[in-house]
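Here the working numbering is used: the first residue of the sequence shown is 1, the next is one more, and so on.
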Amino acid sequence: MGRFIAPSLLAANFADLQHAVELVNESEAGFLHLDIMDGQFVPNISFGMPVMQAVKKISKKPLDVHLMIVKPEQYFEKFKQSGADWLTVHMEECKHLHRALQEIKELGMKAGVALNPHTPVSTLEEIITFADLILIMSVNPGFGGQKFIETSYEKIRKTKNLILSSGSNALIEVDGGVDLKNAGPLFEAGADILVAGTTVFNSPDAYNTIHELKNAGS
Ligand code: DX5
Ligand code: ZN
């Protein structure tokens with residue numbers, strides 16, 4: 001399917017976000033990934049709507065917004081107003097996941113479901129045809145720069161099989177510890193979108209790193 005890179009702004013220099021967004025604008029990135037953390041669902045706090053709104057004004061890429069917050073459904077409309085194009089909620093935090101996805105789509109956004117490393121792919125069975133995106137967390141959410149969990153490959157393959165057998169159109173996104181070595185194998189395993197924070201923004205040439213990630217192993 002696709003081969004998209006979604007640089008995560010979490011690893012950018014927050015004192016110069018404009019530079020980071022403009023770099024992504026000019027690059028081959030397919031999305032700009034924004035990690036929203038509330039210090040409750042995950043043990044870290046990132047940034048919220050005012051930052052998103054400022055980024056939206058200058059971003060030429062669709063905003064791929066990953067909600068790591070409790071009760072995300074309280075804020076769907078505000079995230080839409082703040083510029084989200086894709087909105088992803090965590091399976092572990094949504095008691096009424098079907099309703100949540102419907103609400104996101106009714107607001108005009110694409111709807112994603114994220115799975116923590118411990119959450120089995122089988123939990124997607126009844127929801128897969130309602131989702132536009134499945135986000136496989138390949139680290140425990142909350143921080144950038146963590147080590148990739150190798151069992152994620154098997155989860156990607158299982159998710160791909162579920163998508164094919166159910167007739168779902170969902171894309172598979174992988175988030176956490178993506179680098180130039182595992183990018184090729186991850187696409188091969190069935191990933192459509194790779195999120196990359198540290199690998200992109202800590203590299204001496206972020207623009208070229210995005211190109212290399214996109215073309216890794218091909
Ligand atoms: C972690 C976030 C990731 C993070 C990835 O909770 O969801 O998007 O920015 O960072 P890296 O690519 O550095 O692992
Ligand atoms: Zn993320």
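Where a beta carbon is used, it is the ideal one built from N, C-alpha and C, also for glycine.
Since the model is a prediction, treat every value here as computed from it, not as a measurement.
Could you check the C-alpha separation between residue i and residue j for me, to the nearest Å?
i    : j    : result
L101 : S27  : 30 Å
Q74  : V55  : 22 Å
G184 : V195 : 13 Å
L213 : V113 : 24 Å
F4   : T129 : 21 Å
V24  : L9   : 10 Å
K71  : E93  : 7 Å
F79  : N140 : 23 Å
V21  : K181 : 25 Å
G177 : K147 : 5 Å
L162 : L133 : 13 Å
E154 : N116 : 14 Å
A131 : E106 : 13 Å
V51  : M91  : 25 Å
G39  : H66  : 14 Å
A111 : A15  : 30 Å
L87  : R99  : 14 Å
P204 : D179 : 14 Å
L186 : N215 : 12 Å
Tell me which same chain residues have a C-beta within less than 6 Å of the C-beta of residue i, skipping the five on either side of it?
i   : result
A11 : G144, G197, T198, F201
L97 : I127
M68 : M37, F41, V42, P141
S59 : V21, L32
Pull the bridge partners of residue i from the DSSP assignment, please.
i    : result
A114 : H90, L135
L47  : In the sequence on display, residue 47 carries Phe and not Leu. Looking at the DSSP assignment, F47 forms no beta bridge with any residue, so it has no partner.
D38  : I45
A6   : V195
L97  : None, per the DSSP bridge assignment.
Under 7 Å Cβ to Cβ from residue i, same chain only, skipping five residues before and after it: list those, please.
i    : result
S152 : I136, S138, V174
A84  : L63, V65, M109
Can you list, in chain order, the residues of its chain whose CB lies under 8 Å from that of residue i, leaving out five sequence neighbours each side?
i    : result
G2   : G30, L171, D192, I193
A189 : Y153, I156, R157, K160
K61  : V24, N25, A29, G30, F31, L32
**Prompt:** Is there contact here, the segment 121-129 with the segment 147-163, by at least three beta-carbon pairs under 8 Å?
**Reply:** With three or more CB-CB distances shorter than 8 Å, the segment 121-129 counts as touching the segment 147-163.
**Request:** Decide yes or no for the touch test of the segment 42-55 against the segment 207-215: beta carbon pairs closer than 8 Å, at least 3 of them.
**Result:** The answer is no - the segment 207-215 does not touch the segment 42-55, with fewer than three Cβ pairs under 8 Å.
**Request:** Only counting runs of 4 or more residues, tell me where the alpha helix (DSSP H) segments fall wholly within the segment 144-212, in order along the chain.
**Result:** Whole alpha helix (DSSP H) segments, 4+ residues: 152-166, 183-189, 198-201.
**In chain order, each beta strand (DSSP E) run of at least 3 residues that lies wholly inside the segment 59-85** = The segment 59-85 is shown to contain whole beta strand (DSSP E) runs of 3 or more residues at 63-68, in chain order.
**Message:** Residues around ligand 4, please: the condition is that the C-beta lies closer than 6 Å to some non-hydrogen atom of it.
**Reply:** What this structure holds is ligand 1 and ligand 2, not ligand 4.
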